[in-house]
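First comes the structure, then the notes that go with it.
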Amino acid sequence: MTRLRLLSFLLGFLLVFPVKAQKINDAYRLAIQKASSEIIIDGVLDEQAWLDAEVATDFFMITPMDTSFAQVKTDVRMTYDDQNLYLIVVNHHAVEGPYMVESLRRDFSFGKNDNFLLFMDPFDDQTNGFSFGANAAGAQWDGIMYNGGSVDLSWDNKWTSKVRNYEDKWIFEAAIPFKSIRYKKGIKEWGVNFSRLDLKTTEKSGWAPVPRQFPSASLAYTGILVWDNPPPDPGANISVIPYLLGGVSKDFENNGETSYRREIGMDAKISLTSSLNLDLTVNPDFSQVEVDRQVTNLDRFELFFPERRQFFLENGDLFANFGYSTIRPFFSRRIGLNAPIQFGARLSGKINKDWRIGAMNMQTGEVSEEGLPSQNFTVMALQRQVGARSNITGIFINKQSLNYNPDPDSEAPVYSQFNRNVGLEYNLASSNNLWTGKAMLLQSFGPDNLANGFVHAANLKYASGNLTWNWQHELVSENYTAEVGYVPRRGYTKINPTIGYRWFPVSEKILSHGPDIGVTYFFNKEGVKTDNTTYVAYSIKWRSQSTFMLWTAYDFIKLQRPFDPTNFSGETLPAGTDHSWTALGAEYTSKPQSLFTYSFTTRLGGYYADGKRYNFTTDLGYRFQPYVSLALSTNFNRINLPEPWGNTDFWLVGPRVDVTMTNTLFFTAFVQYNEQIKNINLNTRFQWRFKPASDLFIVYTDNYLPAPFYTKNRSIVLKFTYWWNI
1 MTRLRLLSFL LGFLLVFPVK AQKINDAYRL AIQKASSEII IDGVLDEQAW LDAEVATDFF
61 MITPMDTSFA QVKTDVRMTY DDQNLYLIVV NHHAVEGPYM VESLRRDFSF GKNDNFLLFM
121 DPFDDQTNGF SFGANAAGAQ WDGIMYNGGS VDLSWDNKWT SKVRNYEDKW IFEAAIPFKS
181 IRYKKGIKEW GVNFSRLDLK TTEKSGWAPV PRQFPSASLA YTGILVWDNP PPDPGANISV
241 IPYLLGGVSK DFENNGETSY RREIGMDAKI SLTSSLNLDL TVNPDFSQVE VDRQVTNLDR
301 FELFFPERRQ FFLENGDLFA NFGYSTIRPF FSRRIGLNAP IQFGARLSGK INKDWRIGAM
361 NMQTGEVSEE GLPSQNFTVM ALQRQVGARS NITGIFINKQ SLNYNPDPDS EAPVYSQFNR
421 NVGLEYNLAS SNNLWTGKAM LLQSFGPDNL ANGFVHAANL KYASGNLTWN WQHELVSENY
481 TAEVGYVPRR GYTKINPTIG YRWFPVSEKI LSHGPDIGVT YFFNKEGVKT DNTTYVAYSI
541 KWRSQSTFML WTAYDFIKLQ RPFDPTNFSG ETLPAGTDHS WTALGAEYTS KPQSLFTYSF
601 TTRLGGYYAD GKRYNFTTDL GYRFQPYVSL ALSTNFNRIN LPEPWGNTDF WLVGPRVDVT
661 MTNTLFFTAF VQYNEQIKNI NLNTRFQWRF KPASDLFIVY TDNYLPAPFY TKNRSIVLKF
721 TYWWNI
């Protein structure tokens, strides 16, 4: 009966905002016509095609206020030919002075650079799309858009651009191949908006107006790009991306011999239609992907690190965004980190305006020394748009061990024969984006019914200009299992309401200020309260874009299993013991316009076993724009506990140097000293993008024991990739 009631709740949730409404910015229309002359990407507005193109101008201010036209003038023109979509933007200066950028590094931080961004919704479904742009020094930005306004910058594709600076303006010109994006054949209206950030005036603006509580990327507020004829068919669209790799490594810690790597592999992208793509991979390697940023782990549960591998990213929201941050039935990092990926395939994209599909199959190899069998991973998702911007998604996930018959007398780990998950999710997004939410059901299946479990979770959020509130609840059964997911906690019920309010005073200094209040309760399967966090915070944002927050919180925890409060000593607190404390803290981030930027957080208060914990973090940065960026992050924890723990200090220090000689030539050196795990990691990466989406990488990695300074392992990899359009 409980599951029937939950299903009834879900169906009722579906009916909250069922009707379609007229698009908010339907009146903002930019006509695009075929180019009347050849376009040369040089940052100069001198071709006849640009003189003939319609101009999008008179942008609206988004911040600091959203009630007037922008003071910074921006002019945008678009055109196309049989191969490319073209864009040219004249970014006029509002006040004298040089532009402000971090570096020439690709996919820059939005808030720390003078920049222009294009947001495209080729299906005009206000949910999915693409983003392209550049900062004022010419660094490129590209990402895939999902959830109506989020941008995944790990996505990378083939396009060209040029930025040219003048005394009173900077001009950005780009050519985006039709083969690099997905769109419905025959459609003549795309959702589109343009965003401009000018740090000298701290003004963010958009062509079609966007309320300031939403990002400029919000697809609910796009205008319309009106084509004179349907966009051209990209024709045969097959890309082959082979790689060659050579490397050498040595494990000094275990007296290992030097090992050599000589590998070859390939990715392929095949467009079955202009909006449906088939991705194939054989023997993929991701050694060029940046290392994870380490953290000091004082949590009782597994930590989350984001996916960065290119193969898993396009239309990845169909799989990876199902659920919530701590209830993910599919987490692609479970694939290929402990066993090599042999091959894989993924079909994803739009069937039509209302239907999206995603299907992925990956095969990993056997790791005999760990007793790990070869495994097959299958994920299938089907999404249907309903109402104005909402959708329903169904998902199926299967992990299968192949030819696996474990020896009961062996000491090797035992792996499951299979694990399966089936889920249904409704994502709510009203036409004006004021109401958003989600309701989901999940069921897991395992051998002999031992891993059969159930999940229900839902939230409803309202975000107006001043008031924001959210209700969220979760129910995860004790035997729910998602072996290909990220579900660090099981056997609980969670309730989490939050509310916040912002005032926007008429002030030359302060942009907004206001409180946030939140309460989180966890209950175990017997209904006993196991966790409670109650916090109150007050935030201030200045017009210079610097921010400050002061907070206080109360925590209560009834341990459900033994726990070492240092995650280091091995000594544990017993299950069933109660712990409570109060803490307070502050956070500050400086204005991004300065060459020297800084931020800090601090926490002071109680901890487990009537102990004390003090924490502070700092992030310092200095840039010699646009070529060199220096950064230093520090994290210090002091934990005072009774015996047997005593006093424990943990330092985590991470200096970083980014050198961007051009917008195609990059060098990064990143050091991480982690006292908790007694390791120093050095990672350096040289990247030369000799052609669009084609790269040469040299990656050097060292790991050391801090004292004595002893090399644990060392490796160097040379990798060459080439994007070849057939």
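Each step along the sequence shown adds one to the number in the UniProt record's numbering, with nothing skipped, and position 385 is 385. Just so it is clear, CB atoms sit at the ideal spot from N, CA and C, and this is done for glycine as well. Nothing here was measured: the structure is a model prediction, and the numbers come from that model.
{"query": "By the 10 Å Cβ neighbour count, where 16 or more other Cβ atoms means buried, how is isoleucine 238 classified, buried or exposed?", "result": "exposed"}
{"query": "Using a threshold of 9 Å, state whether the C-beta atoms of arginine 502 and threonine 468 are closer than that.", "result": "yes"}
{"query": "Using the rule of at least 16 other Cβ atoms within 10 Å of the residue's Cβ for burial, across every protein chain shown, is tryptophan 355 buried or exposed?", "result": "exposed"}
{"query": "Roughly how many angstroms lie between the CA atoms of tryptophan 724 and arginine 689, to the nearest whole one?", "result": "14 Å"}
{"query": "Which residue's Cα is closest to the Cα of asparagine 352: Lys184, Glu675, Arg714, His579?", "result": "Lys184"}
{"query": "Going by other Cβ atoms of all chains shown within 10 Å of its Cβ, with 16 needed for buried, is leucine 30 buried or exposed?", "result": "buried"}
{"query": "Answer yes if the stretch 592-602 comes into contact with the stretch 619-628, meaning at least three C-beta pairs across the two stretches below 8 Å, and no otherwise.", "result": "yes"}
{"query": "Is it a yes or a no for the stretch 533-542 touching the stretch 513-525, going by three-plus beta-carbon pairs under 8 Å?", "result": "yes"}
{"query": "Per the DSSP calculation, glutamate 263 is bridged to which residue(s)?", "result": "Leu245"}
{"query": "Under a three-way DSSP split, which group does leucine 15 fall into?", "result": "Here the model assigns leucine 15 a pLDDT of 48, short of 50, so the residue's position is not dependable, and the following value carries that caveat. Correct three-state label for leucine 15: coil."}
{"query": "Since I believe proline 329 is in contact with asparagine 421 (beta carbons under 8 Å), could you give me their beta-carbon distance rounded to a whole number of angstroms?", "result": "4 Å"}
{"query": "Spatial neighbours of serine 629 within its chain, please: CB distance less than 6 Å, with the 5 preceding and 5 following residues excluded, ordered by chain position.", "result": "Glu102, Ser103, Arg623, Asp658"}
{"query": "Per DSSP, what kind of secondary structure is methionine 1 in: helix, strand or coil?", "result": "Confidence is the limiting factor: at methionine 1 the pLDDT is only 42, short of 50, which leaves the residue's position unreliable, though a coordinate-based value still follows. DSSP places methionine 1 in coil when its eight states are reduced to three."}
{"query": "Could you give the first and the last residue of the continuous beta strand (DSSP E) run that contains phenylalanine 596?", "result": "596-607"}
{"query": "Taking Cβ positions, are histidine 456 and leucine 434 nearer each other than 9 Å?", "result": "no"}
{"query": "Count the other C-beta atoms from every protein chain shown that fall within 10 angstroms of the C-beta of tyrosine 86, then say buried if there are 16 or more, exposed otherwise.", "result": "buried"}
{"query": "With DSSP as the reference, label glutamate 643 as helix, strand or coil.", "result": "coil"}
{"query": "Examine chain C for any beta-carbon lying closer than 9 Å to the beta-carbon of arginine 714, and answer yes or no.", "result": "Among the chains in the structure shown there is no chain C, since it carries only a single protein chain."}
{"query": "Lysine 719 to glutamate 290, Cα distance in whole Å?", "result": "14 Å"}
{"query": "With burial defined as no fewer than 16 other Cβ atoms inside 10 Å of the residue's Cβ, what is the status of residue 752: buried or exposed?", "result": "A question about residue 752 goes unanswered here, because the residues of the chain that appear run from 1 up to 726."}
{"query": "For tryptophan 355, which of helix, strand or coil comes out of DSSP?", "result": "strand"}
{"query": "Where does arginine 262 land, buried or exposed, given buried means 16+ other C-beta within 10 angstroms?", "result": "exposed"}
{"query": "Just to confirm, is the Cβ distance from threonine 660 to threonine 634 under 9 Å?", "result": "no"}
{"query": "Give a yes or no on whether the C-beta atoms belonging to serine 580 and phenylalanine 563 are separated by under 9 Å.", "result": "no"}
{"query": "How about asparagine 681 and asparagine 663: are their beta carbons less than 9 Å apart?", "result": "no"}
{"query": "In chain order, which continuous runs of the alpha helix (DSSP H) of length 4 or greater are located wholly inside the stretch 161-202?", "result": "none"}
{"query": "On the three-pair Cβ rule with 8 Å, is the stretch 143-156 touching the stretch 171-179?", "result": "no"}
{"query": "Is the CB-CB distance between arginine 212 and aspartate 66 below 9 Å?", "result": "yes"}
{"query": "For lysine 158, collect the residues of the same chain with a Cβ closer than 7 Å to its Cβ; drop the 5 residues on either side in sequence, then sort them by chain order.", "result": "Pro177, Ser180, Pro692, Ala693, Trp723"}
{"query": "Once the 5 residues before and after glutamate 189 are set aside, which same chain residues still bring their CB inside 8 Å of it?", "result": "Asp124, Ile224, Leu225, Val226, Trp227"}
{"query": "Short of 7 Å in beta carbon distance, which residues of its chain neighbour threonine 721, apart from the five on each side in sequence? Order them along the chain.", "result": "Ile241, Tyr243, Ser694, Asp695"}
{"query": "I'd like to know whether the C-beta atoms of glutamate 474 and lysine 461 end up nearer to each other than 9 Å.", "result": "no"}
{"query": "Thinking just about the alpha-carbon of each residue, which of Arg389, Asp42, Glu369, Asn254 is nearest to the one in serine 410?", "result": "Glu369"}
{"query": "Can you give the beta carbon distance from lysine 169 to asparagine 115, rounded, assuming they're within the 8 Å contact cut?", "result": "14 Å between Cβ atoms; not a contact."}
{"query": "With H, G and I counted as helix, E and B as strand and the rest as coil, what does DSSP make of leucine 153?", "result": "coil"}
{"query": "Near proline 655, which residues of its chain fall below 6 Å by C-beta distance, leaving aside the five closest residues on each side in sequence?", "result": "Leu632, Val671"}
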